[in-house]
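The structure appears below as structure tokens.
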Amino acid sequence: MSRPVELYRFSLGLTTWYQTNSPQPFELQGQTYRPEFLRRSEISYTTEESRQEVKVTVKRDHPVVKLFAAGAQIGRVGLTILEADRDNPGTRFIWRGRLVGPTWEREGDGLQAVLHGIPVFAELARGLLGVRLMPACYKELFGVLCRADRNAFRVTGTATDVQGAVVQSQAFADKPDGYFNGGWIEINNVPGRMILSHVGNAVTLTGPPTGLATGGTFDAYPGCDHSTGPGGCAKFGNLLNFGGKKFVPERNPNTGGL
Numbered sequence: 359m360s361r362p363v364e365l366y367r368f369s370l371g372l373t374t375w376y377q378t379n380s381p382q383p384f385e386l387q388g389q390t391y392r393p394e395f396l397r398r399s400e401i402s403y404t405t406e407e408s409r410q411e412v413k414v415t416v417k418r419d420h421p422v423v424k425l426f427a428a429g430a431q432i433g434r435v436g437l438t439i440l441e442a443d444r445d446n447p448g449t450r451f452i453w454r455g456r457l458v459g460p461t462w463e464r465e466g467d468g469l470q471a472v473l474h475g476i477p478v479f480a481e482l483a484r485g486l487l488g489v490r491l492m493p494a495c496y497k498e499l500f501g502v503l504c505r506a507d508r509n510a511f512r513v514t515g516t517a518t519d520v521q522g523a524v525v526q527s528q529a530f531a532d533k534p535d536g537y538f539n540g541g542w543i544e545i546n547n548v549p550g551r552m553i554l555s556h557v558g559n560a561v562t563l564t565g566p567p568t569g570l571a572t573g574g575t576f577d578a579y580p581g582c583d584h585s586t587g588p589g590g591c592a593k594f595g596n597l598l599n600f601g602g603k604k605f606v607p608e609r610n611p612n613t614g615g616l
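Using my numbering, you'd call the opening residue of the sequence shown number 359 and step up by one each time.
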């Protein structure tokens, strides 16, 4: 009899990563879940919502970690965890919710990332969708809490070259390097890929942009690193709406003293 495996579905906008903690790929409903180092905390099913949260430990170069590192929190980063068995059809639901970002944990000689998840039930119960006391701003860029004007920062451009996940345009060259890091592009008013990096006239996306070829037009939006610095609220002239708590101590004084 085969052992059950866990299936992890990470999503941000139109981008989805299908992964499994199994050493072998797993096929489900036409999708291939790729092997990846994934280790989660125990989940207690209780009326206390804090105990329903989950922590997923991944390698520090995990693609979702890179998105958070780039400040690409322009939307809800979702996670669904299922359990499946190779010998039996069907799946068992384990957890679903929203990731709020990574912390770092030393293991052996290196660092690993710990992704923190808020369950969907807690999201529905909170008017602020999981507010946390943390140095970085928790607000979604251009969202109702952020209040930055999305239209004021839209940049319309024409692709001069599209090669895989790399798009070139004069529109990118008109802005300083890194301006679009963590942002995204839209094609025909449909949200597309996240922008991982921006150098000169080129941006690298999370994958090839569907529906965009050389000569095609697009709208690009800059990203926010959720700080008060030049990559965050200062870029958008939005310091009054900064949602972080810059001086929250890293150590909990209730557990180890001041």
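Note that CB positions come from ideal geometry on N, CA and C, so glycine has one too.
The structure displayed is predicted, hence computed values, not measured ones.
Pick helix, strand or coil for L503, following the three-state DSSP scheme. coil
Which of helix, strand or coil does DSSP assign to F451? strand
Ordered along the chain, which non-local residues of its own chain (more than five positions away) have a Cβ less than 7 angstroms from that of N559? So the qualifying residues of the chain are Q526, S527, Q528, F530, A531.
Three or more beta-carbon pairs under 8 angstroms between the stretch 579 to 598 and the stretch 563 to 571, yes or no? no
Other residues of its chain near F384: CB distance less than 8 angstroms, five sequence neighbours each side excluded: V363, L365, T378, T390, Y391, A442, R444
Restricting to runs no shorter than 4 residues, where is the alpha helix (DSSP H) found entirely within the stretch 512 to 569? 528 to 531
Residue range of the unbroken alpha helix (DSSP H) whose run includes F395: Looking at the DSSP string, F395 is not in any alpha helix (DSSP H), and its letter there is neither H nor E.
Return the first residue and the last residue of the alpha helix (DSSP H) that F594 is part of. 591 to 594
Strictly by DSSP, which residues pair up with N446? D443
Given A430, which residues of its chain have a CB within under 6 angstroms of its CB, disregarding the five upstream and five downstream residues? Unreliable placement is indicated for A430, whose pLDDT of 48 sits below 50; the coordinate value is still reported in the next sentence. Counting only Cβ-Cβ distances below 6 angstroms, and skipping sequence neighbours, we find G540, M552, G581.
Compare the beta carbon distance of A571 and I543 with 8 angstroms and say whether it is the shorter of the two. no
Go to T586, then tell me how far its beta strand (DSSP E) extends in each direction, as first and last residue. No beta strand (DSSP E) holds T586; DSSP gives it neither H nor E.
Answer yes or no: do G475 and R456 have a C-beta to C-beta separation smaller than 8 angstroms? yes
I'd like to know whether the C-beta atoms of T516 and G573 end up nearer to each other than 8 angstroms. yes
Taking 8 angstroms as the threshold (C-beta atoms), are C504 and G590 in contact? The beta carbons of G590 and C504 sit no closer together than 8 angstroms.
What residues in its chain sit with their C-beta under 7 angstroms from that of F451, if we drop five residues either side in the sequence? L440
Give the DSSP bridge partners of Y376, in chain order. R367
How many angstroms separate the CA atom of G448 from the CA atom of V561? 40 angstroms
If we count the other Cβ atoms within 10 Å of its Cβ and call it buried at 16 or more, is W462 buried or exposed? exposed
Is it buried or exposed, G466, if we count other Cβ atoms within 10 angstroms and call 16 or more buried? exposed
Among residues of its own chain, excluding the 5 on either side of H420, which ones have a beta-carbon nearer than 7 angstroms to its beta-carbon? These residues qualify, in order along the chain: A471.
Label G522 either buried or exposed according to how many other C-beta atoms from any shown protein chain fall within 10 Å of its C-beta, with 16 as the threshold for buried. So G522 ends up on the exposed side.
Using DSSP's beta-bridge definition, name the partner residues of D577. T514, E544
Following the continuous beta strand (DSSP E) through V412, name the residue where it begins and the one where it ends. Residues 412 to 417.
To which residues of the same chain is F538 closer than 7 angstroms at the C-beta, ignoring the five residues directly before and after it? Result list for F538: F530, I553, H556, V561, A578, P580, G581, in chain order.
Under 8 angstroms between C-beta atoms of V423 and V414: no
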